[in-house]
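S.K.: Here's a structure for you.
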Amino acid sequence: MTTLTFPLSRIEGHARVVIEVEAGNVLASQFQAVELRGFRHFVQGTPAEQMPVIVPRICGVCSTAHHVASVKALEDLYGVTPPRLACDIREVLLLGQLIQNQATSLFIFTMPDRANVESVFHMDESEASKKQQLSIAQRALKVRKTGTDLISLAGGQFIHPVKAHIGGVSGGITREAAAPMIKELEEMLPVACQLFDDYWAMSMAMVERIGSWGDDEPTYYLASTQANKPRFNSCELRVMGPEGEERTSFAPSEFDTYLEFHETEYSYAGSTTYQGQIMRANSLARINLAENLGTPRADKYLKRFTSSFGKPAHPIMLFDLCRGIELVYAMERCIEMLSEDLNYMDPKVGYTPRDGIGYGLVEAPRGPLIHRYVVENGLIADAQFIIPTVHNMRAIERALNVAGKRYISPTAINTELENAVGRVVRAFDPCIACATQ
Amino acid sequence: MSDAESGLPKFAILQLSGCAGCEVSLLNASEWVEKFRLVYMPLVISTHHVPHDVEVLLVSGGVRNNEDVYHLQRAAKNVKKVIAVGTCAISGGVTNLGDRDEVREVFLSQSGRLHLPQMLSKTHPVDAFVDVDLYLPGCPPTPELFMAALQPDQEFKASGIVCGECGRRKLTDMRPKHLTGFQSGEAQPDICLINQGYLCVGTSTRGGCRAICTRAGHPCVGCRGPSNAFIEKESSVWLENIQRVFERMTDIPAGEVNEALRSPQLSMFLFQFSDYAGGMHQPCSKNKVL
């Protein structure tokens, strides 16, 4: 048997892919998440009210999602409903993270695959194009920074936000604070669209060259955003079947009725199935489950996407294009939201701590994220983090098998396989720090 | 453009077991793109080895497993200068909350798997394995601090303490009797958070972060570590100083402050220099901390 090991890069965290081959046949593809810090274990005994400060440290890329999910789990546990204004500010916070994440995944993680270079920071650009405007790397960093600036504005700190509180948020957003942010977003939106248009064209050219969009077998999809005008500060999960039919929806507290977690000997992440079936979360799931997004430019891109690839669309490299649609959506939506009054009432209600079990759900960039806390005597007795990257594990491995079969024959292993492995994994934009915690 | 042609100083970033927040912070600074050549950072570059001619190696994350040890030692061998970035690299960080027997046992029993890196019994700081030339504390350090670390000859002006950058007024006639919980109340603008009963440790925490948390109304949790006045001493000296500030400015019982300082969300930062990084190590020289 031949064992091929591929180190991974341009993803968050530490992981590798192992493909086992015998006589030209792919026996198995494994996605091995190789890090582990043990949040589930070491938060035991922590005063429950300190979780919103501790859990963002699970991941510096997805910290905002953990911060808000944590606060929502404790609100569920204490029986508190935050005011509408607080929900809106949390939505801005989550959209800021979506902008930051989708811009990073598109222009820093996966654009180099389309340009055949190791990194966007080493891209060879002609002097003429450089003189006209900033390099692709600098424009990409500026677009993603609008997301970070939104997180700072709505969340206080720029990586590990602090402003979501149990019962609401610690403060509104004044008109004076919103104005420069709106200006920055309005300046960067056309830059983002231009980069995305280039990215779309480069993707088409790449697919022309390699001859495939990757694993396109129909699959189940999981998202917690609604069909119209999605909200990432979400409240229920939805499942789409392989033919595009909406199968079911469920509350975060019912997750273990629908989602089954499996330990894996070769990975610290494990995997989940939907009633025993492979499923996918992240951008393609949300776009497949969406009728419209509700902002003009994003809806135009969505229409173009649906007419080009159908609905539901299955090939994995469409995840990447969906991220671009969502990047545009999030920027447009934040301009809309910040143009309204976000300082009109007390953004917080009081609460009385009590023991019990609570569930907090948000739609993170990678899919639905659930925190489940059991609190006894005010302390965390058990904490579970139900991570969207884990929902994608089986889908990643199936797509790796498809790529393996394409590039491995009884006589040779095509060296393009290494690039293909990178493209497959990055299409899912896995987050290993979250998946293993 | 080849490496040789660019002529820019080369730097690399090795990410050990951590959250990638430090890397994300660096990506928020775009100034370095024109001034340095980033040659190794798996998060954004598909290169699997630290090249031999690197000027500066930034290390983020703690040393959690035996692959971390290997990668760290191999990378540090080639470089002129090692900078430990962020709380995890300096002390082990948030995972030290699990540095107790009952958690360690459960964790290690779950982590011994056939094809995966062997876990160490705790997360070690980077300087437990290689010499560190500069410490850059913060969870994470701000983009501005990253630029200051990369360009040591450029004058970087930071206040000695977070308080100096916060801008909230300290009042003499507003003396709370109990701590306000981190999740309770709404901080009034412009007034010192200690006057409002929040357990803010910005009075003795290292400046340089521009007080982003306290200005947003959240008490300082001390992620930048002790100021120069305390950094060469045991953490108990820092803690006593915080307690004295609360005695002077509030009527909160000393026991209440003391207990809260040792709670998880603060203790993960308050003990980051002298205790966790300490042990057999000497306290950190202030000249080595940005």
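Residue numbers (the numbering used here), protein chains in the order written: chain A, 415 to 851; chain B, 1414 to 1703.
Beta carbons: idealized from backbone N, C-alpha and C, even for Gly.
Predicted model only: the values in this text are computed from it and were never measured.
So Pro1464 (chain B) contacts chain A; which residues on that side make the cut at Cβ distance below 9 Å?
M.R.: None at all; the shortest Cβ gap to chain A is about 12 Å.
S.K.: What number of angstroms, rounded off, separates the C-alpha of Gly452 (chain A) from the C-alpha of Gln458 (chain A)?
M.R.: 10 Å
S.K.: Restricting to Cα atoms, I'd like to know which of A:Pro497, A:Thr419, A:Leu508 is closest to Ala778 (chain A).
M.R.: Restricting attention to A:Pro497, A:Thr419, A:Leu508, the CA atom closest to the CA of Ala778 (chain A) is found in A:Leu508.
S.K.: Whose Cβ in chain A lies nearer than 7 Å to the Cβ of Gln1758 (chain B)?
M.R.: With chain B running from 1414 to 1703 in the structure shown, residue 1758 (chain B) is simply not present.
S.K.: According to the neighbour-count rule (16 or more other Cβ atoms, all chains shown, within 10 Å of its Cβ), is His387 (chain A) buried or exposed?
M.R.: The requested residue 387 (chain A) is not part of the displayed model; chain A covers only 415 to 851.
S.K.: Against chain B, does Lys762 (chain A) count as a neighbour if the rule is that its beta carbon must be under 8 Å from one of theirs?
M.R.: yes
S.K.: Could you spell out the range, first to last residue, of the beta strand (DSSP E) harbouring Tyr634 (chain A)?
M.R.: 634-637
S.K.: Does the Cβ of Asn642 (chain A) have 16 or more other Cβ atoms within 10 Å, making it buried, or fewer, making it exposed?
M.R.: exposed
S.K.: Is the Cβ-Cβ distance between Val1476 (chain B) and Leu1521 (chain B) less than 8 Å?
M.R.: Result no, Cβ atoms of Val1476 (chain B) and Leu1521 (chain B) do not sit closer than 8 Å.
S.K.: Among A:Arg786, A:Leu752, A:Asn791, which one has its Cα closest to the Cα of Asp854 (chain A)?
M.R.: The displayed coordinates of chain A run from 415 to 851. Any statement about residue 854 (chain A) would go beyond what the structure contains.
S.K.: Please report whether the beta-carbon of Pro1530 (chain B) lies at a distance below 8 Å from any beta-carbon of chain A.
M.R.: yes
S.K.: Taking 8 Å as the cut-off, decide whether the C-beta atoms of Cys1435 (chain B) and Pro1602 (chain B) are in contact.
M.R.: no
S.K.: Indicate the three-state DSSP secondary structure (helix, strand or coil) for Leu651 (chain A) in the structure shown.
M.R.: Three-state DSSP puts Leu651 (chain A) in a strand.
S.K.: For the stretch 656-668 of chain A, which residues have a CB atom closer than 8 Å to at least one CB atom of chain B, in sequence order?
M.R.: none
S.K.: Look at the Cβ atom of Ile784 (chain A), then the Cβ atom of Ala447 (chain A), and state whether they are nearer than 8 Å.
M.R.: no
S.K.: Apply the 10 Å Cβ neighbour rule to Phe1684 (chain B) and answer buried if 16 or more other Cβ atoms are within range, or exposed otherwise.
M.R.: Buried, by the Cβ-count rule.
S.K.: Between Arg1450 (chain B) and Asp1466 (chain B), what straight-line distance do the alpha-carbon atoms span, to the nearest angstrom?
M.R.: 12 Å
S.K.: Taking the Cβ atom as the reference point for each residue, do Leu395 (chain A) and Ile513 (chain A) lie within a distance shorter than 8 Å?
M.R.: Any question about residue 395 (chain A) goes unanswered here, given that chain A covers just 415 to 851.
S.K.: Hey, is Ala1433 (chain B)'s beta-carbon within less than 8 Å of any beta-carbon in chain A?
M.R.: Yes, because at least one Cβ of chain A sits closer than 8 Å to the Cβ of Ala1433 (chain B).
S.K.: On the DSSP letters alone, give me the boundaries of the alpha helix (DSSP H) that Asp713 (chain A) sits inside.
M.R.: 710-723
S.K.: Please state if the CB of Ala1442 (chain B) and the CB of Phe1559 (chain B) are separated by a distance shorter than 8 Å.
M.R.: yes
S.K.: Span of the alpha helix (DSSP H) holding Asn1641 (chain B)?
M.R.: Per DSSP, the unbroken alpha helix (DSSP H) holding Asn1641 (chain B) starts and ends at 1641-1644.
S.K.: For chain A, is any of its Cβ atoms less than 8 Å away from the one on Phe1569 (chain B)?
M.R.: no
S.K.: Quick check on Lys1423 (chain B): does DSSP put it in helix, strand or coil?
M.R.: In the three-state reduction of the DSSP assignment, Lys1423 (chain B) falls in the strand class, which pools E and B.
S.K.: My understanding is that Asp527 (chain A) touches Gly836 (chain A), with C-beta atoms under 8 Å, so please give their C-beta distance in whole angstroms.
M.R.: 6 Å
S.K.: Please report the straight-line C-alpha distance between Phe535 (chain A) and Val1446 (chain B), rounded to a whole angstrom.
M.R.: The straight-line gap from Cα to Cα measures roughly 7 Å.
S.K.: Under a CB-based cut-off of 8 Å, is Ile1574 (chain B) close to chain A?
M.R.: no
S.K.: What runs of the beta strand (DSSP E), each 3 residues or longer, lie entirely inside the stretch 1504-1590 of chain B?
M.R.: 1532-1537, 1547-1549
S.K.: Rounded to whole angstroms, what's the CA-CA distance from Val718 (chain A) to Leu732 (chain A)? Just pull it up for me.
M.R.: According to the sequence provided, residue 718 (chain A) is Arg. The question's Val does not apply to it. In a straight line, the C-alpha of Arg718 (chain A) is about 13 Å away from that of Leu732 (chain A).
S.K.: Straight-line CA distance for Tyr758 (chain A) to Ser1534 (chain B)?
M.R.: 51 Å
S.K.: With distances taken from CA atoms, which of A:Lys819, A:Ala847, A:Pro496 is nearest Val435 (chain A)?
M.R.: Nearest Cα to Val435 (chain A) within the set A:Lys819, A:Ala847, A:Pro496: A:Lys819.
S.K.: Pairs of beta-carbons, one from the stretch 706-721 of chain A and one from the stretch 836-847 of chain A, closer than 8 Å: are there three or more?
M.R.: No: fewer than three Cβ pairs fall under 8 Å.
S.K.: Decide if Lys1570 (chain B) is buried, meaning its Cβ has at least 16 other Cβ atoms within 10 Å, or exposed.
M.R.: Label assigned to Lys1570 (chain B): exposed.
S.K.: To the nearest whole angstrom, what separates the beta carbons of Pro644 (chain A) and Arg700 (chain A), a pair I think is in contact under 8 Å?
M.R.: With a Cβ gap of about 7 Å, Pro644 (chain A) and Arg700 (chain A) count as contacting.
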